[in-house]
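Chemist: Dropping a structure here in structure tokens format, bear with me for questions.
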Amino acid sequence: MADIAEQIVDLVVEISGEDEVADERDIDLFEEEILDSMAAIELLVAIKDEFGVSIAPTELDRSEMNTVNKIIARVSERL
Amino acid sequence: MDFYVEPAFFVLCAPIAIIACVMGVLERPLKRYSLVVSVVMLFLLFFRTPGTLIYAAVYLAVSVALYGVALWSREDSSRSEDAPHGMRSLPYGVLVGVQLLPLVAYKVGVLVRPDFPGFLGISYITFKAVQVLLEVHDGLITDMTYLEYLGFLSFFPTFTSGPIMRSRAYVQDVRTPLSRDGYLDRLYRGLGWFVLGALYKFVGAALAQWFMWFVPVVVGGGVLGWLVTVFGYGMDLFFDFAGYSDMAMGLGLVLGVEVPRNFRAPFVATDIKEFWDRWHISLSTWLRDFVFMRFSQFAISHKLFKSRLTCACVGFMLNMVLMGAWHGITPDYLVYGLYHGLLLAGCHAMQKKWKFYKAHRRDRWFMVASWAVTMVAVFFGFALFGGYVVTPLLG
Chain A
28 MADIAEQIVD LVVEISGEDE VADERDIDLF EEEILDSMAA IELLVAIKDE FGVSIAPTEL
88 DRSEMNTVNK IIARVSERL
Chain B
10 MDFYVEPAFF VLCAPIAIIA CVMGVLERPL KRYSLVVSVV MLFLLFFRTP GTLIYAAVYL
70 AVSVALYGVA LWSREDSSRS EDAPHGMRSL PYGVLVGVQL LPLVAYKVGV LVRPDFPGFL
130 GISYITFKAV QVLLEVHDGL ITDMTYLEYL GFLSFFPTFT SGPIMRSRAY VQDVRTPLSR
190 DGYLDRLYRG LGWFVLGALY KFVGAALAQW FMWFVPVVVG GGVLGWLVTV FGYGMDLFFD
250 FAGYSDMAMG LGLVLGVEVP RNFRAPFVAT DIKEFWDRWH ISLSTWLRDF VFMRFSQFAI
310 SHKLFKSRLT CACVGFMLNM VLMGAWHGIT PDYLVYGLYH GLLLAGCHAM QKKWKFYKAH
370 RRDRWFMVAS WAVTMVAVFF GFALFGGYVV TPLLG
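Those sequence lines, one after another, are chains A and B. Per my numbering, the very first residue in the first sequence carries number 28; after that it's consecutive. Per my numbering, the very first residue in the second sequence carries number 10; after that it's consecutive.
Here it is, written out as structure tokens:
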């Protein structure tokens with residue numbers, strides 16, 4: 028579980044180029060403009076490559092994956 | 010009988026709504042009722058031209074059959090999970106192709122023969138059916154019944170011109186029993202939207218049309234006349250379509266179904282991306298979800314572009330050119346699509362790269378200037394759409 032969390036934090040930091048998400052896992056990634064819709068798609072692709080978890084583009088509402096912790100939860104429940 | 014135009018439609022809506030009210034207040038489910046009413050209304054829409062009636066009926070039947078095949082091949086493929094992905098997704102390409110064929114044939118066919126077979130609402134039903142096929146493929150739709158699907162496709166308030174509904178929201182709506190208060194809440198909101206929509210369409214659009222024809226006569230032709238005509242045309246487009254959409258949303262609510270909102274004050278948008286979040290929302294979100302996002306996902310995982318920005322710009326172009334072509338394969342619509350694709354790509358690139366924008370975008374003066382530029386761009390887009398630019402230039 029901790030591993031998954033670390034890996035996802037790394038992915039978000041890598042894609043967004045913002046380090047602060049590592050410490051603040053509950054900030055709204057879209058409102059704070061850490062991710063935009065293109066970066067979100069890139070994240071979905073990376074999650075599929077890394078964990079083999081495929082999340083369809085219309086599967087989740089933005090409100091279901093707008094923080095690092097929510098993304099960790101969505102991936103964990105699908106593993 | 011044309012929906013939302015002929016008086017007969019409104020006269021018929023009254024008893025339909027009254028029966029729905031009684032059933033809603035008695036907490037009876039409206040699912041079957043709205044299916045029966047929709048089938049009757051579609052019959053009335055098409056019965057004057059029997060060929061069209063038969064075409065629409067066959068289209069519905071084939072769509073339901075395609076849904077069945079999609080469900081079946083999904084189950085089949087989940088049993089053989091180790092088959093290569095390309096092999097498994099091939100049948101969906103074929104299914105979506107068959108689903109798209111009548112619309113594509115119609116759009117191309119009318120160029121050759123203006124009376125090429127089609128039926129009112131074929132564009133909108135295609136959007137709904139393709140959404141279902143793609144989401145069956147994604148494993149998001151597994152248990153929608155055939156009758157629910159038929160009810161979704163034939164739902165008469167949105168049949169002819171949208172808003173484009175989404176099947177999962179629809180199914181959730183018709184499956185959730187409504188309490189009396191829950192129904193009354195939808196009823197009141199529905200009546201409000203219906204009245205507002207009627208005002209938009211029959212007062213707002215009528216005034217805009219009057220403005221569009223009368224004022225140019227007073228000010229004469231030339232550039233000023235052209236500007237006034239285009240302004241009136243844009244306002245007419247908005248009031249007519251937003252009015253229609255609001256009435257459809259209202260009627261849907263009276264039948265207990267939430268229909269997605271299609272317009273949200275588009276003329277306050279301060280950039281072109283925001284405009285598309287507010288104008289014909291159900292179309293732009295459909296294209297975003299099923300064209301832009303899927304294209305981007307494909308492009309990123311196959312590393313087609315060096316940068317995310319390039320990928321987004323190509324995605325915007327693809328999205329909007331498709332949108333233009335969907336309106337019709339004519340120079341006016343194609344240029345309209347291309348124009349909005351360029352605007353979106355340009356806007357996106359500017360927001361990502363222009364430091365001045367990042368520094369000042371929240372300043373009041375910048376927002377006002379940005380709004381003004383956006384509105385000029387939007388109305389020029391209406392001029393393209395309405396055939397006030399390309400057609401005259403082509404002679």
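Glycine included, each C-beta is placed from N, C-alpha and C at the ideal position.
Comparing the C-beta of D69 of chain A with each C-beta of chain B, is any distance below 8 angstroms?
Modeler: For clarity, residue 69 of chain A is Glu in the given sequence; the question names Asp instead. So yes, E69 of chain A belongs to the interface.
Chemist: In three-state DSSP terms, what is A334 of chain B?
Modeler: If DSSP states are grouped into helix, strand and coil, A334 of chain B belongs with the helices.
Chemist: Flag A100 of chain A as yes if its beta-carbon sits less than 8 angstroms from any beta-carbon of chain B, otherwise no.
Modeler: no
Chemist: Between the segment 129–155 of chain B and chain A, which residues of the former have a C-beta closer than 9 angstroms to a C-beta of the latter?
Modeler: Q140, L143, E144, H146, D147, G148 and L149
Chemist: Please confirm if M92 of chain A has its CB atom under 8 angstroms from at least one CB of chain B.
Modeler: no
Chemist: Once you ignore the five residues that flank P111 of chain B on each side, which residues in its own chain have a CB closer than 7 angstroms to its CB?
Modeler: Beyond the five residues adjoining it in sequence on each side, P111 of chain B comes within less than 7 angstroms, by CB distance, of Y68 and I131 in the same chain, given in chain order.
Chemist: Count the other CB atoms within 10 Å of the CB of Q181 of chain B; is the residue buried (16 or more) or exposed (fewer)?
Modeler: exposed
Chemist: With DSSP run on the structure shown, which of helix, strand or coil describes R270 of chain B?
Modeler: Here R270 of chain B carries a coil assignment [DSSP, helix/strand/coil].
Chemist: Establish whether the CB of I309 of chain B and some CB of chain A are separated by less than 8 angstroms.
Modeler: yes
Chemist: For the candidate residues B:F12, B:L262 and B:Q306, whose alpha-carbon lies nearest to that of V49 of chain B?
Modeler: Check the Cα spacing between V49 of chain B and each of B:F12, B:L262 and B:Q306: the tightest is with B:F12.
Chemist: What residues of chain A sit near D298 of chain B, judged by a beta carbon separation below 9 angstroms?
Modeler: P84 and T85
Chemist: Counting only the same chain and skipping the five closest in sequence on each side, list residues whose C-beta sits under 7 angstroms from that of D298 of chain B.
Modeler: Result list for D298 of chain B: empty, nothing under 7 angstroms.
Chemist: Helix, strand or coil for N93 of chain A? Go by DSSP, reduced to three states.
Modeler: coil
Chemist: Along the segment 45–76 of chain A, what residues have a CB closer than 8 angstroms to any CB found in chain B?
Modeler: S64, M65, A66, I68, E69, L71, V72, K75 and D76
Chemist: Give the residues of chain A in contact with A321 of chain B, contact being defined as C-beta atoms less than 7 angstroms apart.
Modeler: M65
Chemist: Any contact between the segment 387–397 of chain B and the segment 362–377 of chain B? By contact I mean 3 or more CB pairs, one from each, below 8 angstroms.
Modeler: no
Chemist: Quick check on L402 of chain B: does DSSP put it in helix, strand or coil?
Modeler: helix
Chemist: For the segment 30–44 of chain B against the segment 256–268 of chain B, are there 3 or more C-beta pairs whose distance is under 8 angstroms?
Modeler: yes
Chemist: Does any heavy atom of the ligand GDP sit closer than 7 angstroms to the C-beta of D30 of chain A?
Modeler: Ligands displayed in this structure: none; no statement on the ligand GDP is therefore possible.
Chemist: For S305 of chain B, which residues in chain A fall below 7 angstroms Cβ to Cβ?
Modeler: M65 and I68
Chemist: In the DSSP assignment, find the alpha helix (DSSP H) that holds E58 of chain A and state where it starts and stops.
Modeler: Boundaries cannot be given for E58 of chain A, as no alpha helix (DSSP H) includes it and DSSP labels it neither H nor E.
Chemist: Can the beta-carbon of P172 of chain B be found less than 8 angstroms from the beta-carbon of A65 of chain B?
Modeler: no
Chemist: What number of angstroms, rounded off, separates the C-alpha of F301 of chain B from the C-alpha of L142 of chain B?
Modeler: 17 angstroms
Chemist: Whole angstroms is fine: what's the gap from V139 of chain B's alpha carbon to V226 of chain B's?
Modeler: Rounded to the nearest angstrom, the two C-alpha atoms are 46 angstroms apart.
Chemist: Which value, in whole angstroms, describes the spacing of the CA atoms of N328 of chain B and P275 of chain B?
Modeler: 19 angstroms
Chemist: Report yes if the C-beta distance between V228 of chain B and V239 of chain B is below 8 angstroms; otherwise report no.
Modeler: Contact: no.
Chemist: From this set, B:A79, B:D341, B:K362 and B:V377, which residue's C-alpha is nearest P401 of chain B's C-alpha?
Modeler: The option with the nearest alpha carbon to P401 of chain B is B:D341.
Chemist: Suppose you measure from the CA of Q34 of chain A to the CA of F203 of chain B; what does that come to, to the nearest Å?
Modeler: 50 angstroms
Chemist: Run through chain A and tell me which residues come within less than 8 angstroms of R57 of chain B, C-beta to C-beta.
Modeler: Neighbours of R57 of chain B on chain A: none; closest Cβ ~38 angstroms, over 8 angstroms.
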